Every structure is written in C-alpha cells, then in structure tokens.
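Each remark here refers to the structure printed beneath this line.
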Amino acid sequence: MRFGRTSKAVGAAAILALALSACAGNTGGNTPSTTGAAKQGGSVGVAETNGFSSFNSGTADGNSDVNGHIGYATHSGFIYIDDKLNIVRNEKFGKIEKLSDNPLTVKYTVNEGVKWSDGTPVSAADLLLTWASGSAYYDDADSKAKTGTTYFKTAADTSGLNLTDFPELGSDGRSLTLKYSKPFADWELAYSFPGNGGVDVPAHIVAQKAGLKDAQALIDLLKGIKRGDSKSPQPVNPQLKAVADFWSTGFESKTLPSDPNMYLSNGPYIIKSVVPEQSVTLVRNKDYNWGPTPKLDEIVVRTIGAAPAQVQALKNGEVDIINPQASADTVDQIKQLSGVKMLLGNQLSYDHLDLNFSGPLADKNVREAFLKTVPRKDIVDKIIKKIDPNAKPLDSELFVPAQAAYADSVKNNGSSAYQDVDIDGAKKLLNGATPEIRIMYNKDNPNRVDAYSLIRESATKAGFKIVDGGLGKADWSSHLGDGSYDATIFGWINSGVGVSGTPQIFKTGAGSNYNGFSDADADKAMDTLIVTTDKAKQDDLQKQIDADIWKSGYGVPLFQSPDVKAFSDQISGVTSMPNQTGVWWNFWDWSRS
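887 is the number of the first residue of the sequence shown in the numbering used here; add one for each residue after it.
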C-alpha cells in the first residue's frame, strides 16, 4: 500500500510517481548558530500550512500532509523512510520476513508489548484490517459499467495487495502472512504509510463502531466473505459496508472527539487537544518503547497558512520550525532573522494543471486547445526563477530532472507539443467555439493564484471563457474529483520509494484519479509495472505511461516545487527531507538546547 499526498501547499491526497534523491543544503540566517547541549523534555512548535481534519490519513479525503504528519508522530509500524530515502526497518515494533520468492510470501509479526494507548495489544486483527482496506479484495465494482461496490475509500493504490489471497493469521494472534500470485515490486512497502508502518487504525474500535462484538468478530466477518469479482457483482454486504464506511469516514474530525477511542495512538505521541484550524497538541506516550524514542515531551502543531505569517511566528518564537510556501520573498525574509537556520532544496513534489475528461473538456480537441494556451515558461519565470534561476518547466508527469530517465522520457513523451504557447493552434482546434472552463485552485496559495491568473489571461486570447473557481485552503481539496470544476491546479508529493504511486493516480478508477483519466494501454503498462522488479524495466514502462498521459491531453506539469525549511537554532535534530514526511521524518531526534 504505497502512499503519497498532495503537497503541503495543496491540501489532500496522493503521490509523485518516482523518486528523486535529496538535494538540500544549509543556509544560515545572519547570526551563527549558538546551539547548546541537547536535553530531554521540553516543547517544540511546528507550523503547518493546512488544518488538521482526520485521524485516519489513509482515506481519500483524509490523506493530507498535516494529517499524515500527525499520524506519523502518533503511530508506529514496521518501517520508516530516512532522509536518504532508504527503507529502515523498525524491529522494535515487529518483524518482516520474506519466506519465499516463488510464490512471493511475506510474514509480518508484531512484537509482544506493542499496544494501543487504551492498553489493547496491536494484533493480527489490526494487520488484517490494514490489508482489507488496502487490497480492494472485497470490491466488485466496474467503474465503466457502474455496477458493483467499492467498500473502503482509500487513497492508496490497491494493485499490489490485490495480488494476495486472504492472509494466513498466526496462532500467536500477532502475525499475518501474505502470499502473492505474482511478484510485487513494492512488497517491502505493503504495510507502509500513512504512518510509514501502516498500522494506524485500531481494528477493535472499528469493529465496535460497526456493530460487531469485538476484533475477533471482525476477523470472522472478513474471513467469511469471498473475493469480489467485477464480472459477477453481488448485493452489498451490509456488515462489511458498515466496517468500511466507518474506516472511510468515521475518523474524520477537525475537533477532538469526546470519545478517546477515536484517536488512539500506538506511537511515540498521543493527541492531547485540537483547536480547529488553529492547533493540535501532542504529548509523549509514556508507554511507548517499540521504536525510536523521542526527546521532547510535547509538540504543538500550529496552522499558519501564509508564508509571511509563518516567518513572523518563527521570529516571535511562537513556533520553532516552519516549512512555508517557497518564494523569493520568503527566503529573503528568513535570511533577515537572527538565531535561525534555513534548509533549501527541491521537494519530491510538482505543481500541475489537470483537465477533467468530462464536461466541456470531454472533447480531446478542446483539451488540446486549452493546453496550447498554458504559458508554462511564463509561470516558471514569474514564480520559480526568483528562487531557482536555473528552473525550467517540468516536462514529465512521472520523472523529475535529477532522474536519469527524465531526459530520455521527455524526448519521446510528446511534451514538445506544449513547450510554447500557441494561440493560433488553439483557435484552429476550437473552430469558433468558446468553451467555459471553471478552474479550481487554492486561492490562499500565492503561487497557485499567480499560475491561475497567467493561464486565464492566455486562454482568454484563444476564446476560452475562464471562470474563477478558487476556494479557500479549508475547502478546496475536499472538492477534488466531485465534478464541480473543469480543470484544477495543485501538486503531488511522494515518499521517494517504490512505483505504486503511478497507478494510484493514473489507473482507471484509482482512488487518487480525480479527473477520470482512462487509457487501456497505460492501464496494461501499470499492471505490468507493479510486478516488475528490474529498475531499468520499470523506467521503460514509466516512459511508456508518461507518453500515454501526454497523448491523452491529460494536463501539463508546471514545475518541480522548491523547498524552504527554517528553524530556531535552539532546536537540534532538524534535517532536510524532500518527501512527504518532510522535517517530521526524525521528530524523535528533535530537542531544545
């Protein structure tokens, strides 16, 4: 179950398809660091751009950056990803054993003593629920025929775990074994994300809330239902639907529920309080000893959307760590601060314009005409070059320039057709038509506002009537995929490991496929991709998929996102990380001098 999310400046779900090695450096403020010796205890404040909204960041609606960061700090699992994009196994939590290559068979065992914050042991039931929600095993939906049922509303790609039979549960009550029908490229990540270990939702609570007696009753229910078949859809199973619906929506909340069972932790921290759209306070889980042990007693996460406000909060000592929207002004403002360190680099994130395959853009000629008007070079020049003078428009949906496969893919993927604005070509394709296009974006994000304005100005010259569909940061991401717009500007960010992110976004009917893209050749290549373990062959398949995406008039990538992080020199242990976990990747190392 590979996982990715929309970038922090965006707001809700998914994944950039491939990895980029970290490329960050340190740039200090005006005053040299005077960091003293680190100590145990204390509190640190962290600024987040978006507000907390769900205690289950694995769902399509809950899968935002801030939900993921808080989920990461309050849950534990079999692995985490370090700042060099290595998979690190957490053997204090449990053991991953590959029992066989043919067929691929993997056993997961949770160690004794690992427990939820209500004292209930983390068990095979929790592992089974994670598998059920991430495998689509029970689904029999046919998206084209509009028949059958999709049970769990996950943002993750389900292709890999769907290759497994019903798991074998160990007699110890703490283990589960998966047997795959084919090789799976990302098998080591099958139980990763949103908390990088994938055991983030307590099965005993879901069972209770769905009307079952206990976790064993949930196991019995799941064991008694056959694999779904889209060619032979069955009536909805009401008990399974109750379980899946609660998993999908029951943990959504912008406030602290009155029932503490709704926010159980099995990780280093426990959520103490939530002030909607303002702050989330985390306190140390005193029972936790099954992973890296944090130094801090408390982390206060503050919602501060605007970059200047984050910088001011850092200056005032209201927060200690910020990761604001990157801009030249933001960098300059941080440089003026004393007692502050800054980390600059590139994120595993890119901004893009996606077009819906419905409404006025259902016509491929209209999509292509619209894309011919997008001033990608102008957008980069006016938004990104102030930070990175060498920045260029991104010409791939699946690769970034630091990857060897990027240049080769760009030569053949068809991006050359959209290098420059072509108003005459767009008019010719429109043939006198004047389509109305509603563009959705986060109007609280200055980079997206600027990109929208430049696109609107250019597209209007070709005859398009552009409607401003900008929404506030608290609202817009929940509308992804709901048909209320025709095009949208946002960004993907990923973990930097594995290949399952590609079908997560681009496969027909996938949980993070918001614009209705469907291509039989691309689907076939993605099916092959997830069972391909050779890196060179993976790259070749990704190049083919990249070309299929461009050929369809899917949309256009705009630019790879620059990254700016800053923190007080009284805080140690903060390092740069380009993926979706960001500075949080090693929060256990944070300390106050």
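Backbone N, C-alpha and C fix where the C-beta goes; we use that ideal spot for every residue, glycine too.
Since the model is a prediction, treat every value here as computed from it, not as a measurement.
Between N953 and S943, the C-beta gap is smaller than 8 angstroms, which places the two residues in contact. The alpha-carbon of A1212 is positioned some 10 angstroms away from that of G1231. With respect to the 8 angstroms criterion, D1012 and A1089 are classified as neighbours on the basis of their beta carbons. With contacts defined by Cβ atoms closer than 8 angstroms, L1015 and L1126 do not form a contacting pair. Counting only runs of 3+ residues, the beta strand (DSSP E) found wholly inside the stretch 1357–1404 occupies 1373–1379, in chain order.
In this structure, the straight-line span from the alpha carbon of D1249 to that of N1242 is close to 10 angstroms. A straight line joining the alpha-carbon of S1477 with that of M1148 spans about 29 angstroms.
Under the three-state reduction of DSSP output, E934 falls in the strand class. In terms of Cβ geometry, V1161 and E1184 do not form a close pair [threshold 8 angstroms]. Contact check for T1189 against E934 passes: the beta carbons are separated by less than 8 angstroms. Under the criterion of beta carbons closer than 8 angstroms, G1382 and N1465 qualify as touching, at roughly 4 angstroms. Under the DSSP assignment, I967 falls in the beta strand (DSSP E) whose first and last residues are 965–967.
The continuous stretches of beta strand (DSSP E) do not include G1225, and DSSP gives it neither H nor E. Leaving aside the five residues that flank N1202 on each side, none in its chain has a CB nearer than 8 angstroms to its CB. By the beta-carbon neighbour count (other beta carbons within 10 angstroms, threshold 16), P1007 is buried.
Contact annotation: T945 and T1040 have beta-carbon atoms nearer than 8 angstroms.
With contacts defined as CB atoms closer than 8 angstroms, D1051 and G1384 fail to qualify as a contacting pair. Distance from L1229 to S1462 at the Cβ level is roughly 4 angstroms; contact confirmed, criterion being Cβ atoms closer than 8 angstroms.
Straight across, the Cα-Cα distance linking D1294 with S1061 is about 44 angstroms. When secondary structure is reduced to three states using DSSP, T1044 falls in the coil class, being assigned neither helix nor strand. Here D1432 is near L1284, since their CB atoms are less than 8 angstroms apart. Residue pairing for Y1066: DSSP places it in a beta bridge opposite T1050. The C-beta distance from V996 to I1207 rounds to 31 angstroms, too long to meet the 8 angstroms contact threshold.
Just so you know, the alpha carbons of G1245 and L1075 end up roughly 38 angstroms apart. V1217 carries a helical assignment under DSSP once its states are collapsed to helix, strand and coil. As the crow flies, the alpha-carbon of T1419 is around 21 angstroms from that of T1063. Fully enclosed alpha helix (DSSP H) runs of no fewer than 4 residues occupy 1010–1021 of the stretch 995–1023, in order along the chain. With 16 or more other Cβ atoms from the protein chains shown falling within 10 Å of its own Cβ, E1254 counts as buried.
The Cβ atoms of I1220 and A1452 sit closer than 8 angstroms to each other.
For T1414, the enclosing alpha helix (DSSP H) stretches over residues 1406–1415. Contact between Y1371 and R1334 is ruled out by a C-beta separation of about 13 angstroms, above the 8 angstroms threshold.
Close CB contacts of K1429 within its chain, under the 6 angstroms cut and outside five residues either way in sequence, are with S1295 (chain order). Counted as a single uninterrupted DSSP element, the alpha helix (DSSP H) harbouring L1316 occupies residues 1309–1316. In the DSSP assignment, D1240 forms a beta bridge with T1374, G1441. Exclusion of the five residues before and after T1374 leaves D1240, M1326 as the residues of its chain whose Cβ lies within less than 6 angstroms of its Cβ.
Counted as a single uninterrupted DSSP element, the beta strand (DSSP E) harbouring I1157 occupies residues 1155–1161.
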